Structures are given as structure tokens and as C-alpha cells.
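Colleague: Residue numbers (this note's numbering), protein chains in the order written: chain A, 50 to 243; chain B, 567 to 757.
Here a beta-carbon is modelled for each residue, glycine too, at the ideal position from N, C-alpha and C.
In this text the structure is predicted, and so the values were computed from the model without any measurement.
Got a structure for you, written out below as C-alpha cells; questions coming shortly.
Put into C-alpha cells, the structure is as follows:
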């Protein structure tokens, strides 16, 4: 009886993560409110606080937020098997869609009209990324922390003018960030303000 | 087999180092599939980013599938996607365990805050490559020449940026718009 419940729960977990992943465009943090609605409000599998924890950890880890949140949610609801089922559910929709697209890509891309549309869209994509950079950059400037601003400028210069690998820049900034975090953490504990 | 391992390892690195969500994976993917391995041209990479915006799913998974299929068929797609997801599985579960014991992610979030500048800088550099492609049709920043400047694309770019920033339009709508207007303009220009 209990075993059957477990299977049913896994099946439902798969279906829900699949559907959420299949209908979330652009990805990213949009996934959290959708998951909250389904798993907290509709299914009552977890409470609000647990969902907030999942969101915090999913954001703090490398990789796609959708995938991270699914793993945590699945694990919380049905253990390791749940985690695996949830990953499968959230990865399958893009896997299927992009497989189908890649089948037709070569034929479509050589079409004159499609290639003109894609050329116009490239200008649009460049603008979308530029918009993201401006928004994130402004948020960073607003922190008014000289360290962050210098790191951003150095990172950009290193990547554009010296062809430094992205991983190297991220690791270097991660180390500086860790040092800074530890330093500030200690400062707070000692009653100081840094 | 070697190709499958290469795909797995490349996207493992993408999964491991893309912190900060969303666009953060873009520069890493570009490095792996355009610069390090001859898997995609810059133009094809830009197409993937475009397609990723129009379809559900994270950019990293979309790219892993697309590149994997092109290099080694369905096994390639599975190897690349598995590589992309594996670091998440390990790290997320470890962090969840740490968190359940101490309920404190302060240091981790401090590190992430420190990574923000790097993430913005990396996305900016990838954005520059995309702009060079859109406005000059050049595959790398080094080959940008003023003679190749595409006025129509520059106007589309400026209009799209204004629509996004001033009128807060939806990115999918904006890109569909530049696609449709681009088609009309380039046909009128006789291209």
C-alpha cells in the first residue's frame, strides 16, 4: 500500500516538473512562484518556508535554477528517487524540443526568408543581452562597493582584451568574494561594521 | 566514444561554473563550443541563444542538446545534458545537507555576491560578441570592420533596446518584432 503511494507520488512529481519546465519560457527565477503555486498551494507537499529554502539554495548553486529547484523539491518529497525523477521531468522538455529543432535546423536555416528573419532576430538578441547587462550592472553600481565595481571592470577587460577564459575570471572573483565574505562576517561578529 | 566524453566534460564545466542563473551560462558555453572546440560557428551559437529565448528551458540544457545532436546524434545530446546537470545534482544536494544542519548560507551567499561582478562582466563580453555578429556579421571581435557595418541591423538593435528598457516590452515579443521587421527591410533592400 505504502509502496503504491510512493510510485504514485513519483509519477505525479514527474508529471508536474515536466509540465512546469515545458511551459516556462526564458527559464530562470520565474520557476519559483510556479512551483510554489503547484506544490505548496495545490498539493500541500511542502510549506512556504521550505519552498523559500529551496529557492535560496537553488539560487546559491551553480547550474540552471529550474534544474536545481527540481532536484531539491524531488529530494524533499520522495528522497533520492524523487530527486532523479524531478531532474528527468525538468530536463526532458528542452531535450525533446531542441532535438526536434536541430533535426529541421539545417534545412530551415538555408532558406532565404528564414535566414533574413534570423538576421533580424540576431539584432534583437543582442539587445536583450545588452538590456540584461545594463540592468545587472546598474544593480551592481547601486551597491556603491568599489571592490565590486573594480572587479567588474577588470573582469570585462580581461575577457575582451586579453581573451582570458571565463572560468578563470569566475574562479578569481569567487576567491575574492569568499575572502570578502569571511572578512565581513568576522567584522559583524566582532561588532564592527565593514 | 571520445566525442561523447568530450561533450560530457565540456558541459560538465558549463554546469559547474555557471553561477548566477539565466544568462550566466552563456559566456561559458560560447567558450566551450565556439572557441575551444570547433562545434559551432558564432552565428550558430547566436541562433541557439535566439531559440532558447523562444522555447522553454534553460540556455545550458538547450545548447547541450543542440550541440550534442550535431556532434554525435542522440547519444551526444544525452551525454552533454547529463554532463550539464551532474554538477547541479552533487552541489545542490550537498548544500541542502549543509543547510539542514546549520541553516545558514551566509558565506555561500557572500561568495555569490562576490561572483556577481564576474558574471556581469562575462555576460557583457558575450553580449559584445553577439552585437559584433549582429551589426558587423563578424565571427570574432578581432575581425570587426567598419565596411561591414549593417545600418538596418543597428537601427533594429537600437529600437529593440529602447523597447526593452523604456517600455519594458517582453523579450520574446521584441525578438519576434526584429525578426519580422528585419525580413521586410532586408527584402526591400534586395538581399
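Can the beta-carbon of residue 129 of chain A be found less than 7 angstroms from the beta-carbon of residue 80 of chain A?
Modeller: Contact flag unset, no.
Colleague: Can you check the stretch 642-714 of chain B for any alpha helix (DSSP H) of at least 4 residues that lies completely inside it and give the ranges in chain order?
Modeller: Those alpha helix (DSSP H) runs which fall completely within the stretch 642-714 of chain B and span 4+ residues are 672-702.
Colleague: For a test of the three-state rule: what should DSSP assign to residue 111 of chain A, helix, strand or coil?
Modeller: Correct three-state label for residue 111 of chain A: coil.
Colleague: What is the DSSP secondary structure of residue 622 of chain B, counted as helix, strand or coil?
Modeller: Strand at residue 622 of chain B.
Colleague: Taking the C-alpha atoms as reference points, what is the distance between residue 244 of chain A and residue 82 of chain A?
Modeller: Shown here, chain A extends from 50 to 243; a query on residue 244 of chain A therefore has no answer.
Colleague: Beta-carbon of residue 243 of chain A versus every beta-carbon of chain B: anything under 7 angstroms?
Modeller: Unreliable positioning characterises residue 243 of chain A in this predicted model, as indicated by a pLDDT of 36, which lies under 50. A coordinate reading is not provided.
Colleague: Between which two residues does the alpha helix (DSSP H) carrying residue 172 of chain A extend?
Modeller: Element bounds for residue 172 of chain A: 161-191.
Colleague: In angstroms, rounded to a whole number, what distance separates the CA positions of residue 240 of chain A and residue 201 of chain A?
Modeller: Here the model assigns residue 240 of chain A a pLDDT of 46, short of 50, so the residue's position is not dependable and the matter cannot be decided.
Colleague: Considering only heavy atoms of the ligand PLP, does any lie closer than 6 angstroms to the CB of residue 639 of chain B?
Modeller: In the structure on display, the ligand PLP does not appear, and there are no ligands present to speak of.
Colleague: Going along chain A in order, which residues have a C-beta closer than 8 angstroms to the C-beta of residue 714 of chain B?
Modeller: Simply none; closest approach about 13 angstroms.
Colleague: Closest Cβ-Cβ distance between residue 201 of chain A and chain B: below 7 angstroms?
Modeller: Yes, because at least one Cβ of chain B sits closer than 7 angstroms to the Cβ of residue 201 of chain A.
Colleague: Please list, in chain order, the chain B residues whose beta carbon lies closer than 9 angstroms to that of residue 160 of chain A.
Modeller: Those within 9 angstroms of residue 160 of chain A in chain B number zero; the least Cβ separation is about 11 angstroms.
Colleague: If you follow the alpha helix (DSSP H) that residue 195 of chain A is part of, which residue opens it and which one closes it?
Modeller: That run of the alpha helix (DSSP H) goes 195-210.
Colleague: So, is the C-beta of residue 656 of chain B closer than 7 angstroms to a C-beta in chain A?
Modeller: Not one chain A Cβ lies under 7 angstroms of residue 656 of chain B.
Colleague: Would you report the Cα separation of residue 637 of chain B and residue 569 of chain B, rounded to the nearest angstrom?
Modeller: When rounded, the distance between both Cα atoms is 8 angstroms.
Colleague: Applying the 10 Å Cβ sphere with the 16-neighbour rule, what's the burial state of residue 65 of chain A?
Modeller: Buried: at least 16 other Cβ atoms inside 10 Å.
Colleague: Taking residue 147 of chain A as the reference, which of B/663, B/680, B/647 and B/661 has the closest Cα?
Modeller: When each option's Cα is compared against that of residue 147 of chain A, the closest is B/647.
Colleague: Compute the distance between the beta-carbons of residue 106 of chain A and residue 122 of chain A, then report whether it is under 7 angstroms.
Modeller: Not in contact: residue 106 of chain A and residue 122 of chain A (Cβ atoms no closer than 7 angstroms).
Colleague: Checking 7 angstroms against the spacing of the C-beta atoms, do residue 680 of chain B and residue 102 of chain A come in under that value?
Modeller: Not a contact, by the Cβ cut-off of 7 angstroms.
Colleague: Could you give the DSSP three-state label for residue 229 of chain A: helix, strand or coil?
Modeller: Residue 229 of chain A falls in the helix class under three-state DSSP.
Colleague: With distances taken from CA atoms, which of B/714, B/584 and B/627 is nearest residue 645 of chain B?
Modeller: The option with the nearest alpha carbon to residue 645 of chain B is B/627.
Colleague: Nearest-angstrom Cα distance between residue 214 of chain A and residue 639 of chain B?
Modeller: Spanning the two alpha carbons is a distance of roughly 28 angstroms.
Colleague: Does residue 189 of chain A come within less than 7 angstroms of chain B when only Cβ atoms are used?
Modeller: Judged by the 7 angstroms Cβ criterion, residue 189 of chain A is in contact with chain B.
Colleague: With a threshold of 7 angstroms between beta-carbons, can residue 638 of chain B be considered close to chain A, or not?
Modeller: False, the Cβ-Cβ gap to chain A never drops below 7 angstroms.
Colleague: Decide if the stretch 685-701 of chain B is in contact with the stretch 580-594 of chain B; the criterion is three or more beta carbon pairs, one per stretch, under 8 angstroms apart.
Modeller: They touch, by the three-pair rule.
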